[in-house]
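Asks: Below are the structure tokens for one structure; questions will follow.
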Amino acid sequence: MKYKYFGIVLFLLLFIYTVNGQTLYHSPPKNVYANSSVTIEAVIESAMKELNSIRVLFREAGQDSYIEEEMYGENNIYSFTIAGENITENGIEYLIIAEFKDNSFVAFPKVDPYNVPMFLPAKKGFSGIGLENLNQQSSNYGINAEAIILSPEKDEIVAAEEVLIAVSLFNTPDVDLNSVIIKIDGRKLAGGIEVTSDLITSRPQNISSGRHTVSVSFKNSKGEEYTPLIWNFNVVRTIAEAQSLFKIRGNVTTNSNSEKVRGITRNIQYLRANTQLSYSWLDVHAKAFLSTMEDPQKQPRNRLQAGFSTTYFDLNVGDINPNFSEFGLKGKRVRGIEADLKLRYFNVHFVSGELNRSVNGYISESPDTLADGGGLAYKRNGYTYKRDMIGIRPYFGSGKYFQFGLSVLKARDDTSSVKKELSGILQGNDISINMDGVKPQDNIVIGSDMTIALDNKKIVWKNDVAVSILNTDISEGAISLNDLDTFLPGDTLQDGLITFGDTEIKINQIPVDPSDFSDFLIINENLITHLPILPDSATGKIGVKEVLNMPGSAFKSEAKFNYFNNYLTIRYNRIGSKFKSLGNPYRQDDYQGFRISDRIRMFKNRLFLTLNYDQKRDNLSGLKTTTTISSAFNAGLTLRPGVGLPTISFNTMQFSRDNDAEDIDTTFSVSQDNEQVMRIIDSRRSDMTIRQSFNITHRIEIAGISNSLSLNYSISSLSDGIDDRPESHSFIATNSSMVGFGINSNFNFPLTTMFRVTSNINESSASDNPYKYISVKFQGKYDIIPNKLNILGGLQNTNASGALDYSKNGLFCGGYFNIFENHQINARINFTLINDKSQGEKYKDYFVNVSYRYTF
Amino acid sequence: MNRLRKIFILMFVLIFSITLFSKDKVALSIKSRGDTRVKGGDEEKYKNKLKVGASLYSEDKIKTYKDGYAVIIFLDDKSQLKIREDSEMEIAGKIKGNVISKQITMDFGTLKANVNPQKKGEFIIATPTSVASVKGTGFWMVVDPLTGDSIFCEEGEVEVVNNESGEVIVVSGDQTGTSTPDGNVGVEDTEEGSAPTDEEDDGVGDGDSDGNGEEDTDGGTEESGGDSEPGEEETSTIRIEFQNNDGEIKTLRIEYK
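Chains as they are written, first to last, in the numbering used here: chain A, 71 to 926; chain B, 619 to 875.
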């Protein structure tokens, strides 16, 4: 109940998507900062269907491939935290896909989520440490100096003849130049030290090979001692020796979360490690992510990867996200191996591994009793078959001017990976077990791609085409030649003949046995091929158009032109109704459409105008009762007049969906109580969503305090264009508006503050009482010791009224502490009091996070 | 009166000289290999070899010959330039408070920049073809006045404006930007092996470091001498710094043979 309430809140906040009784609630997070993690949350409500999995796919904005992660949660609330290392100032794009046991799914964004994912802009990190680790003090006494170690770097390997000790005093003006002392391995340098007002340098002679410790100490003009700079470096005999050594870098992070949300507590720990080694032409890398959320009854949460790259050959093993082919495999996680041979003119990309691991699921506790003494029947659900895949793509050309590739991708579920018998319940004469969940599948995707780039890539033309073959149920294996004898309807006689109508074919005259191909493809009655190819109705011929129109085919063509300050893109997509790649399962199918976009730069790049138009039509094979056309128009204007003047942007978006249903259907049926039931079904669709936003940001300096002011205003509405709906038809029209103001301030001393106030009004035709809320947040951060010790704290208050009536008061604090330069401890505590006046309940929520990071 | 006039003229010349040479110290040479030379902004020829540990002043020019290599580092934020062979550039910087606004004017050659986030100043690399503005990133830049510029960005972003057309490109991590003299610009994914490699990593270079360790240690005076241009007499330079009560520093440079 609590979560239902939570779901309603999210719905009213922004977004709600419902498909056939399944609802995905999601409110995109606000205030995303580069290099800071962000949590994506979603609420799934499904009265009818059982959820199979819910995943988030994310990528750095502008990149091609997604990283796919499973969201975890309880009581229909799911979340995943995207690590800060994945969030850059380019922003992040993501989509959420919830897949149900019957293979249906609901996604956010609902429309073409793969190609038009949700975009979150990322702000520059609030805690942004501008000059990381510049101060490498390791002593605890003295005044903290702003001196910078210039040479050698900490732990640098340097040839004896190139040793230069250099410290910049550029930001430390009050240094007594006569007080400077340099010690190497504890021994004071007697001479050879050059000191100026902004620089300390020394070139020690005859320094031996091995590890050395250098300390540089100095005082200010009052005789007060600064904290000495102490660091290590390594000396080898020659430059060549220094160059031939391995270089290694990496980090290890451990993180522990404990939280209580509306009475539910949850504890999560994880460890993340990355390392890179380089030696001349070779780069070796390894990553690991180990979480307490790993559960053998779900898809892997842990991630392990290792590999190397050279100029001509790359190899990765473990959890990889290959960008293999547009339609076959793009961004989905594979646990296996990826190799790329790059000989420029001839290249080969190879991927093999596991798309899903097997999950046993569960068996019904109480069996059904079958009629006519059929015994007891148990149901198996919640299982997932192990899904293996292999793909190879030979491609020609580097892509600089031309590239042509051919790809084959095969994915198949391992039917032996999930056992029918579970929890001690065995199949027998009186007991049967039915696999009621997702059926094992077999899939082949064959594709081709070509890229042509002209005029220094000012013109780029890319084409991708693929056909798929899918077997929707391979649990019974391939059909054999003998099975064909009684395969066709009505042919029940085992007589060595295939009979259909008056035609008879002798089994022994068929030259091939379908089961002989089972290693390549399992052929049985559940096979969906791309056939038939429908000949042109006028000429009766089969041409390129007819091939491309096959239900099992997919085609994409995109051209880009970069001329006259315009960046014009034209794209055409067509995905057949029967096209399916198990390596790219969430791609929207059964539609064709085009997109035209242009980004125009004007007034020496002071003014940017963006225009996009996108149209899609579904029901390509006419299998659905209605055909829907969706259109989206988006225009944006950004004005950046220059330093000292505000940046202004305006965006408008109009999204409409119309179908060709013209009539209201009326059906009659008889209920179990023998009552006549009349149902009125209005399938007509003509809705429109309009969103507009206006933003202005301006940086001003007041009394030496640098302030960044921002004002945001946005409105959104969803309306129905049909006004003669029957009373029983439910359409929820919505209107919302949001205004926000924020100010970020950087003071002369190491204090930065952030203040933001946001007001939101949401109206819905489902409620007479509009939902309003206002939120105020203040945060301050102070560097006690710059780049070493930092604290932050703040307050947040939210008051809501209308359909929901509650108040929320939050207090948070935290900080980080850098120890010995390589070690950092972060801590964060949030405490929130919620007074839910609607429900008459109060909650005390908390969130505690502690992390430790070691960098090498 | 004549004596007073002479004193006045002498003072004027001295002040003028100090003003003329009032270049800010902005960077330090931390590596110098092979034939790598430096000259002041007002000098005509590259007479002095760039030494490890030599201070670099605004408008100093560095030239690397066939086997040359140098690494310089800026004093305010540790931003670093690695200069490969056959390159020439001017290092200019203007001190504003506690930051240095940096402008590298690169005529030709190859450099790698590791630029730390700029607090208030700016970091600009100007070439005959383009102007690159950097906020904090690591990238390679190959400059050829005939064919244009190539920017191989490893991380962060570089904004490049083409001088001819005014077109702007933003080159991000693992992308290569091109800017040509006829005004064209473009961005594409960096091909494996197409970016230059760092001498420190690939073992290129003859390891000829000129570490003689003979710098003066008397604070405020720096001598920079070195190998001469082939066939020319060696030139040495003495820089004398003057600092007033406000902390403002002027430098007088004296060359001698």
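Glycine included, every Cβ here is placed at the ideal spot set by N, Cα and C.
Locate the alpha helix (DSSP H) running through Asp553/A, then write down its first and last residues.
Replies: First-last of the alpha helix (DSSP H) with Asp553/A: Leu551 to Leu554.
Asks: Quick test of your reading: Leu220/A and Ile648/B, contact by CB under 8 Å. State the CB separation rounded to the nearest angstrom.
Replies: Sure, about 6 Å apart at Cβ, within 8 Å.
Asks: Does Glu703/B come out as helix, strand or coil in the three-state DSSP assignment?
Replies: DSSP places Glu703/B in coil when its eight states are reduced to three.
Asks: Do Met707/B and Ala731/B have their beta-carbon atoms positioned less than 8 Å apart in this structure?
Replies: Not closer than 8 Å, so no.
Asks: Closer than 7 Å by beta-carbon distance: list the chain A residues that pair up with Val778/B, in chain order.
Replies: Per Cβ cutoff of 7 Å: no residues; Val778/B is ~12 Å from chain A at best.
Asks: Kindly say whether Ile78/A, judged by its beta-carbon, lies nearer than 8 Å to any beta-carbon of chain B.
Replies: Unreliable positioning characterises Ile78/A in this predicted model, as indicated by a pLDDT of 40, which lies under 50. The coordinate reading is nonetheless provided below. Cβ-Cβ to chain B under 8 Å: no for Ile78/A.
Asks: Using a Cβ-Cβ cut-off of less than 9 Å, list which residues of the region 794–806 of chain B approach chain A; keep chain order.
Replies: Within the region 794–806 of chain B, the residues whose Cβ lies closer than 9 Å to some Cβ of chain A are Thr796, Thr798, Asn802, Val803, Gly804, Val805 and Glu806, listed in chain order.
Asks: Can you tell which of Asp442/A, Gly863/A and Arg371/A has its C-alpha closest to the C-alpha of Ala897/A?
Replies: Nearest option by C-alpha distance: Gly863/A.
Asks: Where does Phe692/B fall in DSSP's three states?
Replies: Looking at Phe692/B - three-state DSSP - the assignment turns out to be strand.
Asks: Within 8 Å (strictly less), CB to CB, does Asn666/B reach chain A?
Replies: No, Asn666/B does not count as interfacial toward chain A.
Asks: May I ask you to check if the CB of Arg281/A is nearer than 7 Å to at least one heavy atom of the ligand ZN?
Replies: Ligands displayed in this structure: none; no statement on the ligand ZN is therefore possible.
Asks: Is Asn814/A near Met824/A, with beta carbons less than 8 Å apart?
Replies: Going by C-beta atoms, Asn814/A is nearer than 8 Å to Met824/A.
Asks: Once DSSP output is grouped into helix, strand and coil, what is the label at Ser267/A?
Replies: Ser267/A falls in the coil class under three-state DSSP.
Asks: Verify the CB distance criterion: does Glu232/A have a CB-CB separation below 8 Å to chain B?
Replies: Yes, contact with chain B.
Asks: Looking only at its chain, what residues have a beta carbon closer than 6 Å to the beta carbon of Ile777/B, apart from the 5 residues adjacent to it on each side?
Replies: It is worth fixing the name first, because residue 777/B is Glu in this sequence and not Ile. Hits under 6 Å: Ser751 and Val788.
Asks: In the DSSP assignment, the beta strand (DSSP E) including Ala447/A goes from what residue to what residue?
Replies: It spans Leu446 to Asn451 - the beta strand (DSSP E) in which Ala447/A sits, taken as one unbroken run.
Asks: So, with DSSP's three-state summary, where would you put Asp668/A?
Replies: In the structure shown, Asp668/A sits in a strand (DSSP, three-state: E or B).
Asks: Could you check whether the region 662–673 of chain A touches the region 634–641 of chain A, counting it as contact only if at least three pairs of C-beta atoms, one from each stretch, sit closer than 8 Å?
Replies: Yes, since at least three Cβ pairs between the region 662–673 of chain A and the region 634–641 of chain A fall closer than 8 Å, the two stretches touch.
Asks: Let me confirm a value: Ser623/A is counted as buried when at least 16 other C-beta atoms fall within 10 Å, else exposed. Which label applies?
Replies: Buried, by the Cβ-count rule.
Asks: Does DSSP put Ile769/B in a helix, a strand or coil?
Replies: Three-state DSSP puts Ile769/B in a strand.
Asks: Could you please give the first and the last residue of the uninterrupted beta strand (DSSP E) stretch that includes Pro840/A?
Replies: Here the beta strand (DSSP E) through Pro840/A covers Ser837 to Ile855.
Asks: Once the 5 residues before and after Ser267/A are set aside, which same chain residues still bring their CB inside 8 Å of it?
Replies: Hits under 8 Å: Leu239, Pro243, Val245 and Leu247.
Asks: Which of helix, strand or coil does DSSP assign to Glu928/A?
Replies: Because chain A spans 71 through 926 in this model, residue 928/A falls outside it and cannot be assessed.
Asks: Flag this pair as touching only if the region 794–801 of chain B and the region 765–785 of chain B have three or more C-beta atom pairs under 8 Å; answer yes or no.
Replies: Yes, since at least three Cβ pairs between the region 794–801 of chain B and the region 765–785 of chain B fall closer than 8 Å, the two stretches touch.
Asks: Listed in chain order, which residues of the region 261–272 of chain A have Cβ atoms closer than 9 Å to some Cβ of chain B?
Replies: Against chain B - using a Cβ distance shorter than 9 Å - the residues of the region 261–272 of chain A are Gly261, Gly262, Ile263, Glu264, Val265, Thr266, Ser267, Asp268, Leu269, Thr271 and Ser272.
Asks: Using the Cα positions of Thr868/A and Ala112/A, report the straight-line distance between them to the nearest angstrom.
Replies: Roughly 21 Å between the two C-alpha positions.
Asks: Buried or exposed: Thr93/A, going by 16 or more other Cβ atoms within 10 Å of its Cβ?
Replies: Its Cβ being crowded by 16 or more others within 10 Å, Thr93/A is buried.
Asks: Do we get a CB-CB distance below 8 Å when we pair Asn716/B with the residues of chain A?
Replies: So, interface residue.
Asks: For Ile309/A, name the three-state secondary structure that DSSP assigns.
Replies: DSSP places Ile309/A in helix when its eight states are reduced to three.
Asks: Buried or exposed: where does Ala260/A fall if 16 or more other Cβ atoms within 10 Å of its Cβ makes it buried?
Replies: So Ala260/A ends up on the exposed side.
Asks: Check each residue of the region 667–684 of chain B: if its Cβ is closer than 7 Å to any Cβ of chain A, include it; give the result in chain order.
Replies: Within the region 667–684 of chain B, the qualifying residues are Val670, Gly671 and Ser673.
Asks: Could one say the Cβ of Ser751/B lies closer than 8 Å to chain A's Cβ atoms, at least one of them?
Replies: Answer no: the Cβ-Cβ gap between Ser751/B and chain A never drops below 8 Å.
Asks: Just checking my contact of His768/A with Pro711/A at CB under 8 Å: how many whole Å lie between their CB atoms?
Replies: The pair is not a contact, with the Cβ atoms about 11 Å apart (cut-off 8 Å).
Asks: Less than 8 Å separating the beta-carbons of Gln866/A and Lys842/A?
Replies: No, these two residues do not count as a Cβ contact at 8 Å.
Asks: Using beta carbons (cut-off 8 Å, strictly below), is Ile690/B in contact with chain A?
Replies: So no, Ile690/B is outside the interface.
Asks: Alpha carbon to alpha carbon, how far is Asp915/A from Asn156/A?
Replies: The straight-line gap from Cα to Cα measures roughly 28 Å.
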